[in-house]
Each structure stands twice: as C-alpha cells, then as structure tokens.
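Enquirer: The structure's right below; bear with me while I get my questions together.
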Amino acid sequence: MEGVSAAGGTSKLVLLRHYDVHHCVSCQRCEHDPAKACYLTEKDQSNELFSFMLTAPVVFFASPVYFYHVPSHFKAFIDRCQCFWMRYHAGETSMTGLPPRKAFLAMMGARQKGEKLFEGSVLTMKCFLQPFNFTLQQPLLMYGLDGPKDLANNEEDCESLRRMGMDAQKAVEEFLEQHKG
C-alpha cells in the first residue's frame, strides 16, 4: 500500500481473514444451474469479495506459502470461483466482457531457497484470475520470511513491494485512461 500511496493513489485493503468464506463442496450446482450460481453465496461473504474481483481496475494479492501453497482460507476463496469459471467457459458476456486488467502477487515463504516453493501457488493464481480477465504480472517471490517481523526488517523486500505497489498504481491509471467515459 505504501507504493500505491507513494505513486499518488489510494487502495482498499481487504483482509481475507475477516471474511467468512465457505469451502466449495463440489456439488456441481454451478455447472447445472441455469444461472451458474453457487448456493453458498447466500451463506457466507464471498459475494462481496467477488464483487471486488468483478469491478476493481487492478488487484494486488499478498500471501504466505504454507506447504507449497496458499493458506487454506485463500484456497477456499479460489475454489469458490468455480461458478465464475463455469460462466466464463460457457461464454457468458458477464465474464467474457470484462475488460483486461492487471493483477499483482507478492508471496512470502519461510524457506531460504527452493525453486518449486511458489510454483503451485503461482499457477493456481493464473487460473483463478483468468475468468475475471486479470493477467498476472511478474510475481514478487520472497524467501526466508518466517517470523512476524521478518518482512519489515528486510529492506530489500520492502523496497521491492513498494515498487510493485507503484507499478500497480500505474496500472490503475492506465486502466482508467483507457476506460474513460
């Protein structure tokens, strides 16, 4: 958020942990329902989160890596995008008509090294973002951050995050310029 502010922008911090998101139960209702709707949206707060995905000019995700993937609550949110995936692949204009947008991703892992540490998460994010017409930009993948203050004490990673925030603000400005009127 510092980078966005430094570039003259504002952002909305959405902490997934503050939202009740039920996990997908693989009922396939979204496949067979004419509206491709998920019945769980009436039982949790996922609709509010997905409204951000449908309307935001840019999204920026930050997440730790647990056992080579995003934490379970984040993965539950990702899996709940199945109904949007179905709409997208059915050719519904509510999804296929979304404007192209950019997504940013910063991930932190406790391990000091590991070429595959972020691989599964990054691939999942690309697939998750596709039906919303977001293109994942080069992710920022940070190693060796295990404790609650490790990131704050790592000046190089903090500067990389600020630069990514500035890039995200630039993407917002470009989007707004392209979609005036």
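Count the sequence shown with the numbering used here and you get residues 2 to 182, in order.
We put the beta carbon where it would ideally sit given N, CA and C, even for glycine.
Treat the numbers as computed from the prediction; the structure is a model and nothing was measured.
Is it the case that the region 109-123 contacts the region 139-147, given that we only count it when at least three CB pairs across the two stretches are under 8 Å?
Expert: Contact holds: three or more Cβ-Cβ distances are below 8 Å.
Enquirer: Quick one: grab the DSSP three-state call for Arg81.
Expert: Walking along the sequence shown from the start, residue 81 turns up at place 80. Reduced to three states, the DSSP call for Arg81 is coil.
Enquirer: Opposite Ala63 in the DSSP bridges: which residues?
Expert: Taking the sequence shown and counting its residues from 1, one reaches residue 63 at position 62. Looking at the DSSP assignment, Ala63 forms a beta bridge with Ala107.
Enquirer: If you reduce the DSSP assignment to three classes, tell me which class Gly11 lands in.
Expert: As a working mapping, residue 11 is identified with position 10 in the sequence shown. This sequence places Thr at residue 11; Gly is not what is there. Thr11 falls in the coil class under three-state DSSP.
Enquirer: Please determine, among Leu177, Glu156 and Trp86, the residue with the shortest C-alpha to C-alpha distance to Leu130.
Expert: As a position in the sequence shown, residue 130 is number 129, starting the count at 1. Out of Leu177, Glu156 and Trp86, Trp86 has the C-alpha closest to the C-alpha of Leu130.
Enquirer: Run the CB neighbour count on Val26, radius 10 Å, all protein chains shown included, and call it buried at 16 or more, exposed below.
Expert: Position 25 of the sequence shown, counted from the start, is the residue given in the question as residue 26. The residue in question, Val26, is exposed, as its Cβ has fewer than 16 Cβ neighbours within 10 Å.
Enquirer: Given this structure, state the Cα-to-Cα distance separating Cys39 from Ala8, to the nearest angstrom.
Expert: Within the sequence shown, the letter at position 38 stands for residue 39. Within the sequence shown, the letter at position 7 stands for residue 8. Cα-Cα distance, rounded: 38 Å.
Enquirer: According to DSSP, is Arg30 part of a helix, a strand, or is it coil?
Expert: Position 29 of the sequence shown, counting from 1, holds the residue named residue 30. Arg30: helix per DSSP, three-state reduction.
Enquirer: Give the DSSP-derived three-state secondary structure of Phe119 in the structure shown.
Expert: Walking along the sequence shown from the start, residue 119 turns up at place 118. Reduced to three states, the DSSP call for Phe119 is coil.
Enquirer: Considering only C-alpha positions, which residue in the set Glu175, Lys171, Phe119 and Gln179 is nearest to Ala63?
Expert: One-based indexing of the sequence shown puts residue 63 at position 62. If we check each option's Cα against that of Ala63, Phe119 comes out closest.
Enquirer: By DSSP, does His90 sit in helix, in strand, or in coil?
Expert: In the sequence shown, residue 90 corresponds to position 89, counting from 1. Looking at His90 - three-state DSSP - the assignment turns out to be helix.
Enquirer: Quick one: what's Phe216 bridged to in DSSP?
Expert: Outside the displayed span of the chain (2 to 182) sits residue 216, for which this structure offers no information.
Enquirer: Going by CA-CA distance only, name the one from Glu178, Phe176, Arg164 and His180 that's closest to Ser6.
Expert: As a first step, residue 6 is located in the sequence shown; it is residue number 5 there, counting from the start. Among Glu178, Phe176, Arg164 and His180, the Cα nearest to that of Ser6 belongs to Arg164.
Enquirer: Between the beta-carbon of Met126 and the beta-carbon of Leu99, is there less than 7 Å?
Expert: Mapped onto the sequence shown, residue 126 falls at position 125. Mapped onto the sequence shown, residue 99 falls at position 98. No, these two residues do not count as a Cβ contact at 7 Å.
Enquirer: In three-state DSSP terms, what is Leu177?
Expert: Start at 1 with the first residue of the sequence shown, and residue 177 comes out as number 176. Three-state result, Leu177: helix.
Enquirer: Buried or exposed: which applies to Pro149, given that a residue is buried once 16 or more other Cβ atoms fall within 10 Å of its Cβ?
Expert: Residue 149 sits at position 148 when you count from the first residue of the sequence shown. Result: exposed.
Enquirer: For the beta strand (DSSP E) holding Leu141, just list the boundary residues, first then last.
Expert: Within the sequence shown, numbered from 1, the residue matching residue 141 stands at position 140. Leu141 -> beta strand (DSSP E) spans Leu141 to Met143.
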